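Here the structure is laid out as structure tokens; the discussion comes afterwards.
2 protein chains.
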Amino acid sequence: MIPTIRWENNRVCIIDQRKLPQKKEWLVCRSLQDVIAAIREMAIRGAPAIGVAAAMGLALGSQTIKTENYGTFRSKFLKMGQQIKSARPTAVNLRWAVERMIRVVEGMFDRSVEEIKKTIRKESQVILEGDIQINLMIGHNGLGLIPDGATILTHCNAGALATGGYGTALGVIRAAHEAGKDIRVIVDETRPLLQGMRLTAFELMEENIPFTVIVDSAAGYFMRKKMIDLVITGADRIASNGDTANKIGSYQLAVIAKENKIPFYVAAPLSTFDLDLENGALIPIEEREPDEVVSFAGHLLGPEGVDALNPAFDITPAGYISGIITEKGVLKSPYENSIRNILGVKDDRGPKMR
Amino acid sequence: MIPTIRWENNRVCIIDQRKLPQKKEWLVCRSLQDVIAAIREMAIRGAPAIGVAAAMGLALGSQTIKTENYGTFRSKFLKMGQQIKSARPTAVNLRWAVERMIRVVEGMFDRSVEEIKKTIRKESQVILEGDIQINLMIGHNGLGLIPDGATILTHCNAGALATGGYGTALGVIRAAHEAGKDIRVIVDETRPLLQGMRLTAFELMEENIPFTVIVDSAAGYFMRKKMIDLVITGADRIASNGDTANKIGSYQLAVIAKENKIPFYVAAPLSTFDLDLENGALIPIEEREPDEVVSFAGHLLGPEGVDALNPAFDITPAGYISGIITEKGVLKSPYENSIRNILGVKDDRGPKMR
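Shown next, in the form of structure tokens:
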């Protein structure tokens, strides 16, 4: 399995996902700005993976802060955190990783800057390795939801490449396959950037898990023909009521799955939950360049001057979600309660959570 | 407006829709086989357009039948009809046009073969011109369904290029624009062959009707944001209960439209109805080559060896359809009755229709 991201000789090396599977090229990031660009331009993508990238980017950035003074260091570090947080708006794991790194810095106010830098570097590695462990647990926890003989639809890529390794939605699929279940996968190609066709197909092929690709428009056809037993996707942000932001197209998959009485599961680490947001309407949706839609490999697909709207994510209301598979277990509706319980949040929260 | 198909110097000239909008190339068909290939390879596509092409292909083919004997002519002509009918299985207009041409031949049993050939040739032109007239009437009949200020979603291309001219779904949109209504269109790109991005965008741009393209996966997002007021698509075959075959993706659009209380209309000529079929489950669905999905312009999109399923159409059950706009008016549910009434079919039909 190709590692998504690794630290090497004070560089952050990222497998360039824009070029997979045709080319396996490593993008070597030498600065925080390089990592921000890699996230923005989607050389690395997937909510957990960009969390790891943010942590490593900050570790890289912190090394360039030339001061012995804690206050100066902290203030420059916070500024870097702000910068990388704004690289992409929807996945909350980015913010989660930045905040976790900031907590490390803030807890070390009585230590030398050199020591802090070392700890930050280590923490980014802990986040990477922790993410892989979390994915293994998500895979394990999802196992019971996959019947032997099942055909599973997945959208976009929530695999090893979208995470530190192993994957969330694809982690559950991988775990079922490893457990000896006879499964097959239908992969939505996932326009415009074809993460399903390129990345999920690549990972499934590596694992020898039988699969076939379809255009995103064909999912309903196969559901109605009862050729799909369940759907699993990843998530970029989950509001406190369970409303889930994920790759554009997830919402309509959930609607047609419900119409066809097919379970629709979300697989995501707890770092994907955003309890600051009461519901999905508050999750910011990234609008990307029209060019991603209207061009391919330098070819203009439509007539000269054609314009496109290109929202990268959509919101699936909690009511369409049959369960959320996390490292601590499978959450069920009502999500307001199950999410708070699993995160250990007390029930006497302020009016913000009402 | 570019004509979809025309007869010129005993040749059938077809604008090659595989190359639009980047190239405007005419495909010159010199034989029935050329026309069959053009239909099969989708140089011409769209249910009404392939009906016209079939008629012209038969006119072309009939000229090569070297006999003065009516019986010999008829039997060779019927064979040609069989051949062209099998070019594509889903759109019933192909069969409709062939059967109409056969009726002409069968009605002329007492005439010379030369005379029959001339009449056949004329009949194919009547079908072409009649289709344009029918589309104008569909446009007129659909006008009342388009509120001023509406944003209309359409899928695939049901425009001038899909018909003899003017269009069915796009005919209604065109009529609303010509009537001075302030409308805009959201165009599903329509993978895998991008008829929305290439053909519908091209037609709307020619007409100066404001539009934007989206990936097929984004339709639900815009419906849920209340940015779409209604959906109109064409149809390839409509069963006697109103179940409608149309381009893959239409079914899921209809489901998410219903979920969001957005009307979903089908616009189609009466030649699209197939009263031989009780419901949509009986409509044959064409499965096309995986290559259309996994390759683009010679680039393999996925990993080496990637496979795809590529159904070209799906069935939208009648229950999701708010109305069917025809040249004789807008049909409403229950479609069993409204379809029989408009086609002038008596109610005392045999058990076949039960």
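Taken in order, these protein sequences are the chains called F and R.
Counting along the first sequence from 1, when you hit position 29 you're at 29 in the working numbering, and nothing is skipped either side.
Here the working numbering runs 354 ahead of the position in the second sequence, where the first position is 1.
All C-beta atoms in this analysis are idealised placements derived from N, C-alpha and C, irrespective of residue type, glycine included.
For clarity, every value in this text was computed on a predicted model and none was experimentally measured.
Would you report the Cα separation of residue i and residue j, rounded to the nearest angstrom?
i, j, result
"threonine 72 of chain F", "serine 62 of chain F", "12 Å"
"tyrosine 605 of chain R", "phenylalanine 222 of chain F", "11 Å"
"threonine 358 of chain R", "alanine 413 of chain R", "17 Å"
"glycine 249 of chain F", "phenylalanine 273 of chain F", "20 Å"
"alanine 350 of chain R", "asparagine 310 of chain F", "Because chain R in this structure spans residues 355 to 708, residue 350 of chain R falls outside the shown range and cannot be described."
"serine 338 of chain F", "leucine 136 of chain F", "21 Å"
"valine 215 of chain F", "arginine 360 of chain R", "33 Å"
"alanine 53 of chain F", "arginine 198 of chain F", "21 Å"
"isoleucine 474 of chain R", "valine 458 of chain R", "7 Å"
"leucine 624 of chain R", "alanine 589 of chain R", "11 Å"
"alanine 257 of chain F", "glycine 220 of chain F", "8 Å"
"glutamate 477 of chain R", "valine 452 of chain R", "11 Å"
"proline 546 of chain R", "proline 192 of chain F", "12 Å"
"valine 330 of chain F", "alanine 392 of chain R", "53 Å"
"alanine 716 of chain R", "alanine 572 of chain R", "In this structure chain R extends from 355 to 708, so residue 716 of chain R is not present and cannot be described."
"valine 126 of chain F", "isoleucine 36 of chain F", "20 Å"
"proline 147 of chain F", "glycine 305 of chain F", "49 Å"
"leucine 432 of chain R", "glycine 534 of chain R", "47 Å"
"serine 440 of chain R", "alanine 254 of chain F", "37 Å"
"alanine 55 of chain F", "phenylalanine 650 of chain R", "37 Å"
"asparagine 380 of chain F", "glycine 298 of chain F", "The structure shown does not extend to residue 380 of chain F, since chain F is modelled only from 1 to 354, so the question has no answer here."
"valine 699 of chain R", "isoleucine 456 of chain R", "21 Å"
"tyrosine 265 of chain F", "isoleucine 325 of chain F", "7 Å"
Tell me which same chain residues have a C-beta within less than 8 Å of the C-beta of residue i, skipping the five on either side of it?
i, result
"alanine 555 of chain R", "Pro375, Val541, Phe565 and Val567"
"asparagine 363 of chain R", "none"
"glutamate 336 of chain F", "Ser240, Asn241 and Gly242"
Can you give me the Cβ contacts of residue i inside the same chain, cut-off strictly under 7 Å, excluding the 5 residues immediately before and after it?
i, result
"alanine 175 of chain F", "Gly139, His140, Gly142 and Leu143"
"methionine 227 of chain F", "Thr151"
"asparagine 614 of chain R", "Met577 and Arg578"
"tyrosine 70 of chain F", "Phe109 and Val113"
"arginine 384 of chain R", "Arg365"
"histidine 531 of chain R", "Ile537, Glu561 and Ile563"
"arginine 642 of chain R", "Asn664 and Ala666"
"methionine 355 of chain R", "Ala514, Gly519 and Glu560"
"arginine 349 of chain F", "Confidence in arginine 349 of chain F is poor, its pLDDT being 46 and thus under 50, which makes the residue's placement too unreliable to answer from."
"lysine 686 of chain R", "Gly677 and Ser692"
Suppose the cutoff is 6 Å on Cβ atoms and the five residues either side in sequence are ignored; what does the same chain contact list for residue i look like?
i, result
"glutamine 195 of chain F", "Cys156 and Asn157"
"proline 617 of chain R", "Leu584 and Ser676"
"lysine 328 of chain F", "Ile342"
"leucine 300 of chain F", "none"
"glycine 634 of chain R", "Ala593, Asp597 and Ile669"
"glycine 518 of chain R", "Val406, Leu482, Asp485 and Ile486"
"isoleucine 419 of chain R", "Phe427 and Lys430"
"isoleucine 488 of chain R", "Pro623 and Glu681"
Residue i and residue j: beta carbons closer than 8 Å?
i, j, result
"valine 185 of chain F", "threonine 154 of chain F", "yes"
"asparagine 399 of chain R", "glutamine 371 of chain R", "Reading the sequence as shown, one finds arginine at residue 399 of chain R and not asparagine. Closer than 8 Å, so yes."
"phenylalanine 313 of chain F", "threonine 90 of chain F", "yes"
"leucine 32 of chain F", "isoleucine 14 of chain F", "no"
"glutamate 189 of chain F", "glycine 159 of chain F", "no"
"valine 657 of chain R", "methionine 42 of chain F", "The question names valine, but residue 657 of chain R is proline in the sequence shown. Cβ distance not < 8 Å, so proline 657 of chain R and methionine 42 of chain F don't count as in contact."
"glutamate 286 of chain F", "arginine 88 of chain F", "yes"
"glycine 525 of chain R", "alanine 599 of chain R", "no"
Please confirm whether any heavy atom of the ligand GDP lies closer than 7 Å to the CB of residue i.
i, result
"threonine 64 of chain F", "For the structure depicted, the ligand GDP is absent and the ligand set is empty, with no information on it obtainable."
Terminal residues of the continuous beta strand (DSSP E) containing residue i?
i, result
"valine 541 of chain R", "538-542"
"asparagine 201 of chain F", "Residue identity differs from the one stated: residue 201 of chain F is alanine in this sequence, not asparagine. It is not in any beta strand (DSSP E) - alanine 201 of chain F instead sits in the alpha helix (DSSP H) that spans 201-206."
"asparagine 135 of chain F", "First-last for asparagine 135 of chain F: 113-142, but that is the alpha helix (DSSP H), not the beta strand (DSSP E)."
"lysine 601 of chain R", "598-601"
"arginine 11 of chain F", "11-15"
"leucine 507 of chain R", "505-508"
"valine 213 of chain F", "211-214"
"alanine 239 of chain F", "237-239"
Ends of the alpha helix (DSSP H) at residue i?
i, result
"arginine 30 of chain F", "No alpha helix (DSSP H) contains arginine 30 of chain F, which DSSP labels as neither H nor E."
"tyrosine 70 of chain F", "70-85"
"isoleucine 527 of chain R", "523-532"
"aspartate 291 of chain F", "291-294"
Self-check item: Residues from the region 556-568 of chain R in contact with chain F, defined by Cβ distance under 7 Å
Solution: Phe556, Met559, Thr566, Val567 and Ile568
Quiz item: Using a Cβ cut-off of 8 Å, which residues of the region 568-596 of chain R contact any Cβ in chain F, in chain order?
Solution: Result list: Ile568, Val569, Asp570, Ser571, Ala572, Ala573, Gly574, Tyr575, Phe576 and Arg578.
Practice problem: Output, in sequence order along the chain, the residues in the region 667-686 of chain R whose CB is closer than 8 Å to any CB in chain F. | Solution: Asp668 and Ile669
Exercise. Mind checking the region 17-36 of chain F against chain R and listing, in chain order, the residues whose C-beta falls within less than 9 Å of any C-beta there?
Key: Hits within the stretch, in order: Leu20, Pro21 and Gln22.
Exercise. Using a Cβ-Cβ cut-off of less than 8 Å, give me the residues of the region 156-178 of chain F that come near chain R, in sequence order.
Key: Along the region 156-178 of chain F, there is no position whose C-beta sits under 8 Å from a C-beta of chain R.
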